[in-house]
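Beneath this line is the structure, given in structure tokens, with notes to follow.
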Amino acid sequence: RLAGSRCDSGGDREQRGAAAAMALLNLGGPGWFEDVFKVEVSIDGDRLTNCHSLLFQEKCPLASSEETVRGQITITPPENCSVWHNGIKLQLDWSVSYFETLSTQEAIAYETTLVEPGYISEPQQIPFELDLAAIADKFIETYDGEMFCIRHSLLVTVQRPWWTFDVLRSLVFAIHKIGPAPAVEEHMLDDDLILYDMHCQGDEASAFAPEDQVPQHRLRVVDAAEGLVMHYERSCLNVGEAFVGTITVGGDIPAFLAGKIDPEKRCGPLVGLEVIIYKIETGDGDSNEVVLKIHDVPLEGVPVDGPDADGEAVTTDSGSGAAAAADHGSQAASADAQAGVNAPPTDAALAAASVPAPAPPPAPPAEPKDYQVSITLDKSDTGFDMGPTIIDDMLSVRYFVRLVARDAAGVSVWNTHEIVLYRANLHHETI
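Here it is, written out as structure tokens:
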């Protein structure tokens, strides 16, 4: 036996002599300059998914957290040699890599010994099984983000004596946790409904949230002068499903809300309306907001291009009421001038002028107009796959829907609700 390996007498005499000299001088031996074993790892199945990282994209095998992963390890020793090992281990590793700080946090979710110590003199195939459902609480699912990524790998370690190096091989694969969205959501009050509950008494408050009705989420933008609200029934959705809502522009604003908003801070008549789906990643003491989808809502009576290059709204020939009134006044003044009405004012005229003119009656609220919205929650506008909500002690990925309104002066107002994404099944490619 030489340096942990037993070579046949048919081996090359010069190679054995060189190995003996290196072992005698403690300059190395099998496993110092290259791995003494050739190790290959594979798992059964034909599912693939995309794995993005900071610098590259690749395809990798995909597994569900509810299944048992099966595969095999192939170990090939040097030709005509029998090599000693101290045991063969298999472990499931997962890691979080942060792109900004180039730091990585690693953890071991599972570890087992497949083969006890002994010699390997010919190629061996070692089957293995890994029940992911039994250890699903010990890892977070695979995630590709803009701030960090979560990776999983099967690591095989062929342990060697202390004076040389272990042989390690890993196989990167993705794990998706399956957990569909609840079929029925608990009733909940949103935004101004909560405000109603705070400001109203008795039956008036409960009338906004009857327990016997389908849960209704209301997202109101209180700064929009003409009234703006979006209703939707589901805030818990599966990846691949559509967020569906109805936006109502126009109508009355609740009195207690209207009295609390500074009129000068309100958004005027709308020329732009968007529904934005975005996520917030947190981890490593930092956070990052990423816009995933932008859905433009075409408003009736508003040109598609909205305001011109100077930020001014595009108006029709009829003009606004104020412009029409100003135009009428200028026409009247021109007629008086042509008629020679230039005499100095009388005392009665001066007294009448000192009395302030009555304020014009408030304009009636615009007739409400409904717009339907449907946004599929599968891929972002940049092509990244969307995944479920992740909330963990060390990091989180949370999703939100934002309703944004803009007027001709460029004033933007918005309101936001959180939505929770689940994964009902695997989305994958096939080899």
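The sequence shown: position 12 = 5 (this note's numbering), numbered continuously. Glycine is no exception: its CB is placed at the ideal position from the N, C-alpha and C atoms. Just so you know, these numbers come straight off a predicted model, no measurement behind them.
If only uninterrupted beta strand (DSSP E) runs of at least 3 residues are considered, those enclosed by the region 133 to 162 are 141 to 151.
Rounded to the nearest whole angstrom, the C-alpha separation of Pro256 and Leu221 is 15 Å.
Ser146 is not a Cβ neighbour of Leu125, given a cutoff of 8 Å.
Within the DSSP secondary-structure output, His420 pairs in no beta bridge. With 16 or more other Cβ atoms from the protein chains shown falling within 10 Å of its own Cβ, Ser57 counts as buried.
Each residue's CA atom was taken as its position, placing Phe236 and Ala167 some 26 Å apart.
Only exposed fits Met387, as fewer than 16 other CB atoms lie within 10 angstroms of its CB. In this structure, Tyr392 lies near Ile412, with their beta-carbon atoms less than 8 Å apart. The beta carbon of Thr241 is closer than 6 Å to those of Val222, Pro361 and Asp363 in its chain, skipping five residues each way along the sequence.
Residue nearest to Val89 within the set Lys82, Glu99 and Leu83 is Glu99 (criterion: CA-CA distance). By the criterion of a C-beta distance shorter than 6 Å, Leu161 is surrounded in its chain by Thr150, once the five residues flanking it on both sides are discounted.
Membership of Gln118 in the beta strand (DSSP E) is indicated by the continuous run Gln117 to Asp124. Closest in C-alpha terms to Leu370, from the list Arg399, Lys272 and Asp400, comes Lys272.
For Glu293, the CB contacts under 7 Å within the same chain, skipping 5 residues up- and downstream, are Lys362 in chain order.
The C-beta distance from Glu267 to Val390 rounds to 22 Å, too long to meet the 8 Å contact threshold.
Per DSSP, Lys372 lies in no beta strand (DSSP E) segment and is marked neither H nor E. Residue pairing of Gly238 in beta bridges, as defined by DSSP: Val366. Relative to Gly111, the option among Thr94, Pro70 and Phe141 whose CA is nearest is Pro70. Under the DSSP assignment, Val394 falls in the beta strand (DSSP E) whose first and last residues are Leu388 to Asp400.
Between Ile66 and Ile101, the C-beta gap is not smaller than 8 Å, which leaves the two residues out of contact. By a beta-carbon distance limit of 8 Å, His169 contacts Leu419. Their separation comes to about 6 Å.
Taking a C-beta distance under 8 Å as the contact criterion, Glu122 and Arg63 qualify as a contact pair.
Under the criterion of beta carbons closer than 8 Å, Pro116 and Ile68 qualify as touching, at roughly 7 Å.
Distance check between Ile384 and each of Trp155, Arg211, Phe132 and Val34 places Phe132 closest, using alpha-carbon atoms only.
With respect to Ile254, Val283 sits apart: the two C-beta atoms are not nearer than 8 Å.
A residue is called buried when at least 16 other Cβ atoms come within 10 angstroms of its Cβ; Phe141 meets this threshold and is buried. By the criterion of a C-beta distance shorter than 6 Å, Arg395 is surrounded in its chain by Ile269, Trp407 and Thr409, once the five residues flanking it on both sides are discounted. In the DSSP assignment, Asn408 falls within the unbroken beta strand (DSSP E) covering Ser405 to Tyr415.
By the CB criterion at 8 Å, Leu414 and Val232 fall inside the cutoff.
Here Glu226 is exposed, its C-beta having fewer than 16 other C-beta atoms within 10 Å. With a 10 Å radius around the Cβ and a threshold of 16 neighbouring Cβ atoms, Ile128 comes out exposed.
If you look at Cys260, you'll find it isn't in any beta strand (DSSP E); DSSP assigns it neither H nor E.
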